[in-house]
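Letter by letter, the sequence shown follows residues 11 to 234 in my numbering. We treat Cβ as the ideally placed atom computed from N, Cα and C, and that holds for glycine. Okay, so here's the structure we're looking at.
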Amino acid sequence: MTSGVPRGKLIVLEGGDGVGKTTQLPLLADMLRARGLVVHTVREPGRTGVGQTVRTLLLDPASTIAPASEVLLFLAARAQVVAEVIAPALDAGEWIVADRFFVSTYAYQIAGHGLDGALVRAANRLATRGLVPDVTLLLTLPQIVAAARRRVRGAADRLERFGAGFDARVAEAYAAAVTESWQARHPECGPIVAVHGDGAVDEVTVRLLERVVERTGTSAVLTA
11 MTSGVPRGKL
21 IVLEGGDGVG
31 KTTQLPLLAD
41 MLRARGLVVH
51 TVREPGRTGV
61 GQTVRTLLLD
71 PASTIAPASE
81 VLLFLAARAQ
91 VVAEVIAPAL
101 DAGEWIVADR
111 FFVSTYAYQI
121 AGHGLDGALV
131 RAANRLATRG
141 LVPDVTLLLT
151 LPQIVAAARR
161 RVRGAADRLE
171 RFGAGFDARV
181 AEAYAAAVTE
191 SWQARHPECG
201 PIVAVHGDGA
211 VDEVTVRLLE
221 RVVERTGTSA
231 VLTA
């Protein structure tokens, strides 16, 4: 950490496909910037050259990727964005708002695909250097609403074509992640709080900002 500079904050937006993460990411970041903070946004996978290459491969509907290969690709992209963007920004006292982090790995690769949780957790510690988010905001929506949003969005990518059973396991994993017992067993994920994602877009952004204040103790961000 830079001498005399308080560490920045890592805020993660999580949730299943169609809950509004991509919409809310820049809006929440802009609200924080309006309050005098230096804020960077990242998405998984993406932001770095390595991440973008991984993203193209993982989301290609024509790609056939084994579950173990899939999780290692995600973790490679995560390791790169932590090294190249997230860790330097936090050390400089700047904030990161991320679209997905390790809770997605639990939901999609461990719960969804049934990969060995202990092995994946160990690999994630290597990828993240032990970095723990200050708070993860888990956007929630009724499944029927999220599904309708996905239909409006258009053709599904590779990760959206695993079927109803896979989707149910992912949803169950996200529901478990907001419980105190789950978080106590998974300290590497940091605090996770559910935020209702329905309603007007600006109303949802305000809800997210309020949870950031509550969970980080950074009350100054409420005063623009």
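Residue i CB to nearest heavy atom of the ligand ADP below 6 angstroms
i, result
"Gln62", "Judged by which ligands are present, the structure shown has none, so any question about the ligand ADP falls away."
Beta-bridge pairing of residue i - partner residues as DSSP gives them
i, result
"Asp109", "Leu23, Arg53"
Close Cβ partners of residue i (< 8 angstroms) along its chain, the five nearest in sequence each way excluded
i, result
"Glu182", "Ala121"
Check whether residue i and residue j have beta carbons under 7 angstroms apart
i, j, result
"Val205", "Leu147", "yes"
"Leu20", "Pro143", "yes"
"Val64", "Pro55", "yes"
"Gly140", "Gly18", "no"
"Arg217", "Val203", "no"
"Ala117", "Val180", "yes"
"Leu151", "Gly209", "no"
"Val81", "Gln119", "yes"
"Met41", "Leu149", "no"
"Ala133", "Leu85", "yes"
"Arg57", "Val113", "no"
"Ala44", "Val107", "no"
Same chain, Cβ closer than 6 angstroms to residue i, neighbours up to 5 away in sequence not counted
i, result
"Asp109", "Leu23, Lys31, Leu35, Arg53"
"Phe172", "none"
Nearest neighbour of residue i, chosen from the options [CA to CA]
i, options, result
"Gly61", "Asp40, Leu67, Ala87, Val81", "Ala87"
"Asp177", "Asp27, Ala99, Asp212", "Asp27"
*Just list the alpha helix (DSSP H) runs in the stretch 29 to 53, keeping only unbroken ones of 4 residues or longer that don't cross its boundaries, in chain order.*
The alpha helix (DSSP H) runs of length 4 or more contained entirely in the stretch 29 to 53 are, from start to end of the chain, 31 to 43.
_Ranges of the alpha helix (DSSP H) found wholly within the stretch 107 to 159, counting only runs of at least 4_ = If only uninterrupted alpha helix (DSSP H) runs of at least 4 residues are considered, those enclosed by the stretch 107 to 159 are 127 to 138.
*Considering only residues of the stretch 168 to 206, which uninterrupted alpha helix (DSSP H) runs meet the minimum length of 4 residues and lie entirely inside it, listed in chain order?*
Taking only runs of at least 4 residues, the alpha helix (DSSP H) segments lying wholly in the stretch 168 to 206 are 174 to 187, 190 to 195.
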